[in-house]
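Novice:
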Amino acid sequence: MSTVLDRDLLAIQEMRDAVAKAKEAQAKYMSYSQEQVDKIVKAVADAAYAKSYELAVMAVEETGMGVVEHKKIKNEVGSRDVYEWIKDEKTVGIVGENKEKKVLEIAAPFGVVAAIIPTTNPTSTAFFKTLIALKTRNAIVVSPHPYAVKCTIEALKVCEKAAVEAGAPEGLVGWLSHASMEATQALMKYKDVHLILATGGGGLVKAAYSSGKPAYGVGPGNVPCYIEKTAKIEKSISMIVDSKSFDYGTICATEQAMVVDKNVYTMAVRELKKNGAYILNAEEKARMEKVISPVPGKVNPKIVGRSPAVIAKLAGIDIDDSVRLFVGEETEVGRDIPFSLEKLSPVFALYKAESQDHAKELCGKLLDLGGRGHSLSIHTEDDQVAREFALEMPVSRILVNTLSSVGAVGGTTGLAPSMTLGCGTFGGNITSDNITAKHLLNIKRMAYGIKDVTIPKKGSIQAPPAASSYSQSKEDETSKIVKGVLSSMGKTDQIDVKEVSELVSKIIEQYNK
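In our numbering, the protein residues as written are 1484 to 1996.
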């Protein structure tokens, strides 16, 4: 008991020391010019990119998740692609000016950023968050996932060494080596932490939001993939299988269920088989369901990021090395329907859509189950269909004719390269953006006066006449006019002036309505 207590106390003290160093370093970093900042960021990106393969090996060995070659690609996106996106951004001093409205925009960093790193993408997320923090003159203190401490810290050491050698103050990049939930929660609530970047499970993200600090969190994916009747089936299925099997499904934007138009369903199944998909029979599907979700509504962590061979063994299914993923044909959606959950593994649900409206219904149910606000994939040659889904589906990213997993993080699309994908208020997040450097900046605005205004003195404005006296004066004025007209006609005695005046007033009132 005392050993556990001592370890927790040690972790808390390490956190405090890391934040103190980061705060001191960030105060120095505030005085750096854009040129100095950009030099440091480039050095870190280059060093991280150079270690992409080595750190991919470490990540797979430590976590048991994913594919080395695929984690290498993630590391490259998290380093080189992120750098290319942010390198020309102004993040120091005056960053914008509207000369017509005479408003200046001035960049100000948040301060110390607490970054939570997931076990699924431990090194690429560490690279990404460090780069966007340094680009914006923030310090960063990282809490690794307990199952990925070594590889995450090694990635951060690469970044820290490159930054210091390029002129950054020591302590600007920090981390917790004694990973624990207590230390992570303490970090998120610590007085000298100014922003939280939380990438992880739902519980952790909720903890970040309830910490009392500004926080960027993410929601679950459960991404539906609609294969519309005009899609180029051979090409689309090839991309979908590549995407689903990429790093064994550990990117949250990976497709989780295929919704296939009935007109191309048979063709899609044929292409799935050609591309290494194992179509489960009814008995095998039942066994796989127990492996996916032993407890209703919860995915078995033993399948997350694991190879088809490992999952097949758990389900008692014999396969050969040609199998890249498992497919279970499904008709229902719900917490008690394992194939409809977000599985984060090479296991796919397959639905047949009777119509486009049915496809929307299925996609909507899948998103409601646990993916609202995240992403939706669609394969179609009809741009109108794509736009219709984009307008109607409650997601922040719609990926068209591409690999959803890599496309959502900016690998095959024009989206900002990012390992933290906001889900907007659909999914309980503050932003629907791919998080990048601009999200770690306060923008101060200096505005010149451009309009003259005269402020009236107290008592200088006379109150308008009361409604009754105003109406009475209007009636008197009307009577005078009527009398004048009748007098000129010599008919004052024969006509009731009051009656005519009231009639005229009613006509005028009706006209003005």
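Heads up, the beta-carbon is just placed ideally off N, CA and C, and yes, glycines get one too.
1) Closer than 8 Å is the cut-off here; do at least three beta carbon pairs connect the region 1767-1786 with the region 1524-1543?
2) Taking Met1498 and Ala1666 to be in contact with their CB atoms under 8 Å, please state how far apart those CB atoms are, rounded to whole angstroms.
3) Just to confirm, is the Cβ distance from Ala1631 to Ala1542 under 8 Å?
4) Leaving out five residues before and five after Met1484 in sequence, what residues of the same chain have Cβ atoms less than 6 Å from its Cβ?
5) Contact check, Leu1755 vs Val1724 under 8 Å by CB: the rounded distance?
6) Does DSSP put Ser1626 in a helix, a strand or coil?
7) Less than 8 Å between the beta carbons of Ala1836 and Lys1715, yes or no?
8) Can you find at least 3 beta carbon pairs, one from the region 1616-1623 and one from the region 1503-1516, that sit closer than 8 Å?
9) Using beta-carbon positions only, say whether Glu1812 and Ile1820 come within less than 8 Å of one another.
10) Just list the alpha helix (DSSP H) runs in the region 1886-1919, keeping only unbroken ones of 4 residues or longer that don't cross its boundaries, in chain order.
11) Helix, strand or coil for Asp1489? Go by DSSP, reduced to three states.
12) Considering only C-alpha positions, which residue in the set Gly1561, Asp1801 and Gln1519 is nearest to Leu1538?
13) By DSSP, does His1661 sit in helix, in strand, or in coil?
14) If I'm right that His1857 touches Ser1879 with Cβ under 8 Å, what's the distance once you round it to whole angstroms?
15) Per DSSP, which residues does Lys1781 bridge with? Please list them.
16) Put Glu1588 into one of helix, strand or coil per three-state DSSP.
17) For Met1484, does the three-state DSSP call read helix, strand or coil?
18) So the beta strand (DSSP E) Met1541 belongs to, where does it begin and stop?
19) Looking at C-beta atoms only, is the number of pairs between the region 1672-1688 and the region 1585-1604 that lie closer than 8 Å three or more?
20) Do Cys1846 and Pro1703 have their C-beta atoms within less than 8 Å of each other?
21) If we ignore side chains and look at the alpha-carbon of each, how far apart do Glu1637 and Ala1609 end up?
22) Closest to Ala1651 by C-alpha separation, out of Met1741, Gln1517, Tyr1692 and Val1830, would be which residue?
23) Taking Ser1887 and Phe1611 to be in contact with their CB atoms under 8 Å, please state how far apart those CB atoms are, rounded to whole angstroms.
24) Just to confirm the assignment: which complete alpha helix (DSSP H) runs, minimum length 4, are found wholly within the region 1707-1734?
25) Whose C-beta lies closer than 8 Å to the C-beta of Glu1717 among residues of the same chain, with five residues either side of it excluded?
26) What is the DSSP secondary structure of Ile1679, counted as helix, strand or coil?
27) Run the CB neighbour count on Asp1730, radius 10 Å, all protein chains shown included, and call it buried at 16 or more, exposed below.
28) Using alpha carbons as the reference points, say which of Thr1635, Val1575, Ile1786 and Gly1894 lies closest to Leu1924.
29) Classify Gln1739 as helix, strand or coil using the three-state DSSP reduction.
30) Take Lys1555 as the anchor and find which of Thr1937, Ser1693 and Asn1604 has the nearest alpha-carbon.
31) Rounded to whole angstroms, what is the Cα-Cα separation between Thr1919 and Ala1899?
32) Assuming Val1810 contacts Tyr1761 (C-beta within less than 8 Å), just tell me the rounded distance between them.
33) Are there 16 or more other CB atoms within 10 angstroms of the CB of Ser1514, so buried, or fewer, so exposed?
34) Consult DSSP for Lys1504 and reduce its assignment to one of helix, strand or coil.
35) Output needed for Tyr1692: all residues of its chain with C-beta closer than 7 Å, excluding positions within five of it in sequence on either side, in chain order.
36) State the Cα-Cα distance for the pair Leu1617 and Glu1643, rounded to the nearest angstrom.
Specialist: On the basis of the data shown:
1) Contact between the region 1767-1786 and the region 1524-1543 is absent: fewer than 3 CB-CB pairs across the two stretches fall below 8 Å.
2) Yes, Met1498 and Ala1666 are in contact; Cβ-Cβ is about 5 Å, under 8 Å.
3) Inclusion of Ala1631 and Ala1542 in the CB contact set at 8 Å is warranted, their separation being smaller than that value.
4) The predicted position of Met1484 is uncertain, since its pLDDT is 45 and thus under 50; a value taken from the coordinates is nonetheless stated next. No residues qualify anywhere along the chain.
5) With 8 Å as the limit, Leu1755 and Val1724 qualify as a contact, their Cβ atoms being about 7 Å apart.
6) In the structure shown, Ser1626 sits in a strand (DSSP, three-state: E or B).
7) Going by C-beta atoms, Ala1836 is not nearer than 8 Å to Lys1715.
8) Yes: at least three Cβ pairs fall under 8 Å.
9) Not in contact: Glu1812 and Ile1820 (Cβ atoms no closer than 8 Å).
10) Unbroken alpha helix (DSSP H) stretches of 4 residues or longer found wholly inside the region 1886-1919: 1887-1891, given in chain order.
11) In the structure shown, Asp1489 sits in a helix (DSSP, three-state: H, G or I).
12) Residue Gly1561 is the option with its Cα nearest to Leu1538.
13) His1661: coil per DSSP, three-state reduction.
14) Cβ-Cβ separation between His1857 and Ser1879: approximately 7 Å, consistent with a contact (criterion under 8 Å).
15) Paired residue(s): Val1778.
16) Taken through DSSP and simplified to helix, strand or coil, Glu1588 comes out as strand.
17) With a pLDDT of 45 at Met1484, under the threshold of 50, the modelled position of this residue cannot be trusted; read the value that follows with caution. For Met1484, the three-state secondary structure derived from DSSP is coil.
18) Where Met1541 is concerned, there is no enclosing beta strand (DSSP E), although the alpha helix (DSSP H) around it starts and stops at Ser1535 to Thr1546.
19) Three or more Cβ pairs closer than 8 Å define a contact, and the region 1672-1688 meets that threshold against the region 1585-1604.
20) The answer is no: Cβ separation not under 8 Å.
21) So the two alpha carbons sit approximately 10 Å from each other.
22) Nearest to Ala1651 by alpha-carbon distance, out of Met1741, Gln1517, Tyr1692 and Val1830, is Gln1517.
23) Not confirmed; about 19 Å, so no contact.
24) Here the runs fully enclosed are 1716-1728.
25) Excluding residues within five positions, the ones whose Cβ falls inside 8 Å are Glu1754.
26) Strand.
27) Looking at its Cβ environment, which holds 16 or more other Cβ atoms inside 10 Å, Asp1730 is buried.
28) Nearest neighbour of Leu1924 by Cα position, chosen from Thr1635, Val1575, Ile1786 and Gly1894, turns out to be Val1575.
29) Note: Gln1739 maps to strand in three-state DSSP.
30) Put simply, of Thr1937, Ser1693 and Asn1604 the residue whose alpha carbon is nearest the alpha carbon of Lys1555 is Asn1604.
31) The straight-line gap from Cα to Cα measures roughly 7 Å.
32) Between Tyr1761 and Val1810 the Cβ distance is about 7 Å, and since that is below 8 Å, they are a contact.
33) Of the other Cβ atoms in all chains shown, fewer than 16 fall within 10 Å of the Cβ of Ser1514; this residue is therefore exposed.
34) Taken through DSSP and simplified to helix, strand or coil, Lys1504 comes out as helix.
35) For Tyr1692, where only same-chain residues beyond five positions count, the Cβ hits under 7 Å are Ala1698 and Gly1700.
36) If you take the alpha carbons of Leu1617 and Glu1643, they lie about 10 Å apart.
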